[in-house]
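**Q**
In the working numbering, the protein residues as written are 167 to 454.
(1) Could you give the distance in angstroms between the alpha-carbon of residue 381 and the alpha-carbon of residue 272?
(2) With residue 410 and residue 417 assumed to form a contact (beta carbons below 8 Å), what rounded beta-carbon distance in angstroms separates them?
(3) Could you tell me which residues DSSP puts in a beta bridge with residue 239?
(4) For the alpha helix (DSSP H) that contains residue 391, what are its first and last residues?
(5) Note down the Cα distance separating residue 306 from residue 275, rounded to an integer number of angstroms.
(6) Going by DSSP, what residue range makes up the alpha helix (DSSP H) through residue 324?
(7) Take residue 226 and list the residues in its own chain whose beta-carbon comes closer than 6 Å to its own, dropping the five residues that flank it on each side.
(8) Please give the ranges of any alpha helix (DSSP H) in the region 274 to 336, keeping only runs that are unbroken, at least 4 residues long and fully inside the region.
(9) Pop quiz: residue 391 and residue 180 are said to be a contact at Cβ under 8 Å. What is the actual Cβ separation, rounded to whole angstroms?
(10) Taking three-plus beta-carbon pairs below 8 Å as touching, is the region 249 to 261 in contact with the region 223 to 241?
(11) Return the bridge partner residues of residue 417 from the DSSP annotation.
(12) Between residue 136 and residue 289, what straight-line distance do the alpha-carbon atoms span, to the nearest angstrom?
(13) Looking at residue 365 and residue 395, is the spacing between their C-beta atoms short of 7 Å?
(14) Return the CA-CA distance between residue 292 and residue 300, expressed in angstroms with no decimal places.
(15) For residue 442 and residue 325, I'd like the C-alpha separation in whole angstroms.
(16) Take residue 168 and list the residues in its own chain whose beta-carbon comes closer than 8 Å to its own, dropping the five residues that flank it on each side.
(17) Closer than 8 Å is the cut-off here; do at least three beta carbon pairs connect the region 183 to 195 with the region 214 to 224?
(18) In the region 337 to 365, which residue ranges form an unbroken alpha helix (DSSP H) of at least 4 residues, counting only runs that do not cross its ends?
(19) Does the Cβ-Cβ distance between residue 327 and residue 277 come in under 7 Å?
(20) Within the continuous alpha helix (DSSP H) that includes residue 385, where are the two ends?
(21) Can you name the start and end residues of the alpha helix (DSSP H) that residue 203 belongs to?
(22) Could you give the distance in angstroms between the alpha-carbon of residue 318 and the alpha-carbon of residue 431?
(23) Could you check the C-alpha separation between residue 287 and residue 202 for me, to the nearest Å?
(24) Quick one: using the 10 Å Cβ neighbour count with 16 as the cut-off for buried, is residue 212 buried or exposed?
(25) Let me confirm a value: residue 224 is counted as buried when at least 16 other C-beta atoms fall within 10 Å, else exposed. Which label applies?
(26) Below 7 Å CB to CB, which residues in the same chain sit around residue 244 once its five sequence neighbours on both sides are set aside?
(27) Tell me whether residue 243, by its Cβ, gets closer than 6 Å to a heavy atom of the ligand GDP.
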């Protein structure tokens, strides 16, 4: 966030956060407890390519007296790279979505094996086992390998791990073949959910390429975009709101919380959505 930006206000709505079901640091119930303590009343657990934490999160939300939507963040292949699509208010038991998640998890396992092999060849012995220990029962993602590299003293922090070892062109990078945008949006719609183009300003894309990716999302039937994101400043909010207007999309908001140690991305620390945009939750039965 730019130093000139005012302190970010707190929001009672946060529709993008992660738990230990994927690459977050807190268990699903602990994420919910943190959200409730921070004044969030409507949340969504949106772990990467998995539905594993939803039942625990929703049970915790009932105990805390808040609403937790079933959600997911799906990786999607696009012509010039990879984007993330959040599914909100989904039916986690729908067979089409469940089959899609199974396929995405298989691809994640293949990538984890390739990352481990490449880092081992680069001299990081035992790194795959340590990354696996960090994730528990799930599939190690790049964040788990980054944490293992930090724990081993190879790098000082997670960003350095990505920059030196895990980004494209680095020793531990492994390409992955995700499902396409059209397929991912179809899975979300089949499960009764709303498809949201996640954190649009975080992709390393030119303005033209970003607009082309969003157009592909809209063509596939996507109807919403994240306008207010964790860690973003005023300029990001303005730019994301402009994209929502340009493509006629409703507006979502989510911190993308992963780790309580990442103070700049905290649950509920979100700027309000501009008043001329339609909030995504107004289309959800029993939520608006």
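Virtual Cβ for every residue (Gly too), placed ideally from N, Cα, C.
This one's a predicted model, so the numbers in the text were calculated from it and none came from an experiment.
**A** A quick look at the data gives this:
(1) 28 Å
(2) 5 Å
(3) 214, 252
(4) Element bounds for residue 391: not the alpha helix (DSSP H) but the beta strand (DSSP E), 390 to 395.
(5) 7 Å
(6) 324 to 327
(7) 195, 198
(8) 293 to 301, 308 to 317, 324 to 327
(9) Not really, about 16 Å apart at Cβ, beyond 8 Å.
(10) yes
(11) 391, 445
(12) Look at the range of the chain in this structure, 167 to 454, and you will see that residue 136 is not part of it.
(13) yes
(14) 13 Å
(15) 36 Å
(16) Low confidence applies here, because residue 168 scores a pLDDT of 42, under 50, leaving its location unreliable and the question unanswered by this model.
(17) yes
(18) 347 to 356
(19) no
(20) 373 to 385
(21) 194 to 203
(22) 25 Å
(23) 45 Å
(24) buried
(25) buried
(26) 347, 379, 382
(27) As presented, the structure is devoid of all ligands, the ligand GDP included, so that no description of it is given.
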